[in-house]
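Scroll down for the structure; my scribbles are underneath it.
Following this line, the structure appears as structure tokens:
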């Protein structure tokens with residue numbers, strides 16, 4: 080299945096880094112997390128991924144509250160100190176900046192399975208590109224700003240310079256927000272393009288890339304991320320919201336940036352349904368928690384959003400044919 084057919088995801092740990100930025104603007108971050116569509120316990124969750132849509136909402140909400148220069152500095156600092164080091168661990172000793180960009184195409188998919196960057200040539204000029212289905216929303220605009228800043232900071236790290244591109248292309252209708260953050264009058268910005276990209280040069284691509292020793296390892300395993308299917312990305316996206324037992328298909332569709340009808344149709348094409356997805360997430364999470372002796376059945380029922388243990392036991396037995404206490408006994412013998 081192609082990336083465009085998958086649910087866009089982002090590693091929860093990366094989302095938490097952006098959420099920490101929110102504390103620069105708000106003492107009580109939880110109302111804003113709720114408004115963005117993120118679970119309140121996201122900073123404590125054990126789930127690997129969250130859907131991308133609420134994170135885009137969060138970036139836009141922070142932009143509304145922050146001074147543009149301050150916000151730009153915070154984003155660049157997070158990219159330099161957190162996001163780029165996370166990408167470097169997936170690189171295999173590239174010799175040049177061009178090789179590093181080629182390897183980055185795979186590296187980004189470890190942390191965001193639908194992310195796509197590439198090196199493309201237009202009229203003989205190389206461009207460092209970010210591919211994304213276009214949306215007309217503030218969330219898309221600010222996610223695009225973040226992506227462009229990442230591309231720039233990666234080249235700065237690789238070249239060990241304060242490099243800025245001569246030209247930048249964005250998909251959004253306006254590049255004014257990005258221009259204000261860059262404060263680079265010599266950089267030409269083009270809006271309403273088919274993809275987001277920064278102009279490079281062949282000389283830049285040929286420059287040596289020196290991976291820090293802490294990121295080089297002769298024992299690195301296969302760098303290819305595990306391919307995911309559409310239903311798998313649905314599970315990963317909705318699992319953090321399991322505590323909402325009343326999570327409707329309308330709410331789920333909003334989190335996935337689609338319509339209820341489209342979600343139903345696509346799940347039906349995969350021979351499943353939203354009800355099955357929700358029940359299977361509950362069952363998998365319940366079994367995982369029951370294997371941890373530190374959780375009582377009452378704790379697990381509460382964690383999963385049930386009013387009491389009786390409601391949880393009935394739901395579990397309906398799906399498995401036996402009560403949760405029988406499942407737990409297997410791990411206490």
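In the numbering used here, the protein residues as written are 80 to 412.
Note that beta-carbon positions come from the ideal geometry of N, C-alpha and C, so glycine has one too.
Quick one: residues in its chain with C-beta nearer than 8 angstroms to the C-beta of residue i, no 5 flanking neighbours on either side, listed in chain order?
{"i": "residue 343", "result": "328, 352 and 353"}
{"i": "residue 300", "result": "The predicted position of residue 300 is uncertain, since its pLDDT is 49 and thus under 50; a value taken from the coordinates is nonetheless stated next. Correct list: empty, nothing qualifies."}
{"i": "residue 98", "result": "108, 112, 117, 121, 122 and 137"}
{"i": "residue 127", "result": "90, 91 and 315"}
{"i": "residue 269", "result": "246, 247, 248, 249 and 254"}
{"i": "residue 362", "result": "395, 398 and 399"}
{"i": "residue 297", "result": "Note on residue 297: pLDDT 47, under 50, position unreliable in the model; the coordinate value appears next. Counting only Cβ-Cβ distances below 8 angstroms, and skipping sequence neighbours, we find nothing."}
{"i": "residue 147", "result": "256, 259 and 260"}
{"i": "residue 243", "result": "231, 261, 263, 265 and 266"}
{"i": "residue 291", "result": "167"}
{"i": "residue 181", "result": "173 and 198"}
{"i": "residue 326", "result": "317, 320 and 357"}
{"i": "residue 163", "result": "229, 232, 233 and 236"}
{"i": "residue 238", "result": "176, 283 and 286"}
{"i": "residue 196", "result": "180, 183, 184, 187, 207, 208, 209, 210 and 230"}
{"i": "residue 202", "result": "none"}
{"i": "residue 124", "result": "91, 118 and 319"}
{"i": "residue 200", "result": "206"}
{"i": "residue 403", "result": "365, 369, 376, 379, 391, 392, 395 and 396"}
{"i": "residue 150", "result": "141, 142 and 260"}
Would you list the residues sitting across from residue i in a DSSP beta bridge?
{"i": "residue 247", "result": "268 and 277"}
{"i": "residue 128", "result": "90"}
{"i": "residue 287", "result": "175"}
In chain order, what residues of the same chain have a beta carbon less than 7 angstroms from the beta carbon of residue i, not counting five sequence neighbours either side?
{"i": "residue 349", "result": "309 and 310"}
{"i": "residue 228", "result": "154, 155 and 158"}
{"i": "residue 366", "result": "406"}
{"i": "residue 95", "result": "121 and 122"}
{"i": "residue 85", "result": "192, 193, 307, 309 and 312"}
{"i": "residue 332", "result": "338, 339 and 342"}
{"i": "residue 115", "result": "133, 136, 137 and 140"}
{"i": "residue 24", "result": "Nothing can be reported for residue 24, as the shown portion of the chain is limited to 80 through 412."}
{"i": "residue 204", "result": "278"}
{"i": "residue 401", "result": "none"}
Between residue i and the ligand FMN, is there a pair consisting of the residue's CB and a ligand heavy atom that are separated by less than 7 angstroms?
{"i": "residue 383", "result": "The ligand FMN is not part of this structure, which contains no ligands at all."}
Going by beta carbon distance, what residues of the same chain come within less than 6 angstroms of residue i, once the five residues before and after it are set aside?
{"i": "residue 388", "result": "376, 377 and 380"}
{"i": "residue 368", "result": "374 and 379"}
{"i": "residue 217", "result": "139"}
{"i": "residue 318", "result": "126 and 360"}
{"i": "residue 87", "result": "131 and 193"}
{"i": "residue 385", "result": "391"}
{"i": "residue 213", "result": "250"}
Can you tell me the Cβ-Cβ gap for residue i and residue j, rounded? I've got them flagged as a contact below 8 angstroms.
{"i": "residue 170", "j": "residue 186", "result": "6 angstroms"}
{"i": "residue 335", "j": "residue 130", "result": "6 angstroms"}
{"i": "residue 356", "j": "residue 321", "result": "With 8 angstroms as the limit, residue 356 and residue 321 do not qualify as a contact, their Cβ atoms being about 11 angstroms apart."}
{"i": "residue 104", "j": "residue 145", "result": "6 angstroms"}
{"i": "residue 364", "j": "residue 383", "result": "7 angstroms"}
{"i": "residue 251", "j": "residue 219", "result": "7 angstroms"}
{"i": "residue 93", "j": "residue 190", "result": "6 angstroms"}
Legend entry - Those runs of the alpha helix (DSSP H) which lie wholly inside the stretch 156-213 and span at least 4 residues: Whole alpha helix (DSSP H) segments, 4+ residues: 163-167 and 176-190.
Inset, instruction - Examine the Cβ distances between the stretch 269-283 and the stretch 201-214 and report whether three or more of them are shorter than 8 angstroms. - result: yes
Inset, instruction - Evaluate the contact criterion for the stretch 231-246 versus the stretch 305-319: three or more CB pairs, one atom per stretch, below 8 angstroms. - result: no
Legend entry - Stretch-stretch touch, CB-based, cutoff 8 angstroms, three pairs: the stretch 177-184 with the stretch 281-290: yes
Inset, instruction - Tell me the start and end of each unbroken alpha helix (DSSP H) in the stretch 306-340 that is at least 4 residues and wholly inside, in chain order. - result: 309-317 and 328-334
Inset, instruction - Just list the alpha helix (DSSP H) runs in the stretch 338-390, keeping only unbroken ones of 4 residues or longer that don't cross its boundaries, in chain order. - result: Annotation note: the stretch 338-390 contains the following uninterrupted alpha helix (DSSP H) runs of length 4 or greater, listed N- to C-terminal: 339-348, 353-369 and 376-382.
Inset, instruction - Starting from the N-terminal side, write out each stretch of the alpha helix (DSSP H) that is 4 residues or longer and does not extend beyond the stretch 95-120. - result: 109-115
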